[in-house]
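Here the structure is laid out as structure tokens; the discussion comes afterwards.
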Amino acid sequence: MSAPAWGMPMFDVLLSGRLRGGAQLRTASNGSPFATFRLAAASKTGESLLCSCVSFSQSVIDVVKELGDGDSLAVSGEAAISTWHGQDGVARLGLDVTAYAVLSAYHVGRKRAPAATAASRAGAQQ
């Protein structure tokens, strides 16, 4: 693991939460596509930790571009703690995450559907 330029250590994380807004699809100055998105991860107290995510992985981009506000999402990657000030001026904690892999219930269901269809066809042939 490496520390970002501002000196905060990076941590391996596995987060789950709900997408806040849609993903923003962008292109880097070198022409590489990337996506940015925000994930609200709820704590036991009901408060949410806002995670700002970026990914350069095409597989992650393909998943998040199909999701919308409020969709459940699990993210694996590296994170650093960040601070920000709300409109009320109060400092809050967040996470800056570089996402290497994501999983949504929508994509699990879509992957399982062809397998279930193949299994039902095999059962019908017997």
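Here the numbering used here is used: position 89 in the sequence shown is 89, and no number is missing along the way.
Virtual Cβ for every residue (Gly too), placed ideally from N, Cα, C.
Every value quoted in this text rests on a predicted model; they were computed, and no experiment measured them.
Where residue i falls: helix, strand or coil (DSSP)
i: residue 71; result: coil
i: residue 90; result: coil
i: residue 105; result: helix
i: residue 66; result: coil
i: residue 23; result: strand
i: residue 17; result: strand
i: residue 31; result: coil
Neighbour-count burial assignment, residue i, 16 or more Cβ in a 10 Å radius
i: residue 77; result: buried
i: residue 64; result: buried
i: residue 75; result: buried
i: residue 42; result: exposed
i: residue 102; result: buried
Of the residues the options, the one placed nearest residue i, counting alpha carbons only
i: residue 73; options: 58, 96, 51, 104; result: 104
i: residue 38; options: 97, 106, 59; result: 97
i: residue 19; options: 84, 54, 82; result: 54
i: residue 92; options: 58, 66, 48; result: 48
i: residue 59; options: 16, 10, 100; result: 100
i: residue 69; options: 24, 15, 9; result: 24
Complete runs of the beta strand (DSSP E) confined to the region 33 to 64 [at least 3 residues]: The beta strand (DSSP E) runs of length 3 or more contained entirely in the region 33 to 64 are, from start to end of the chain, 33 to 42, 48 to 55.
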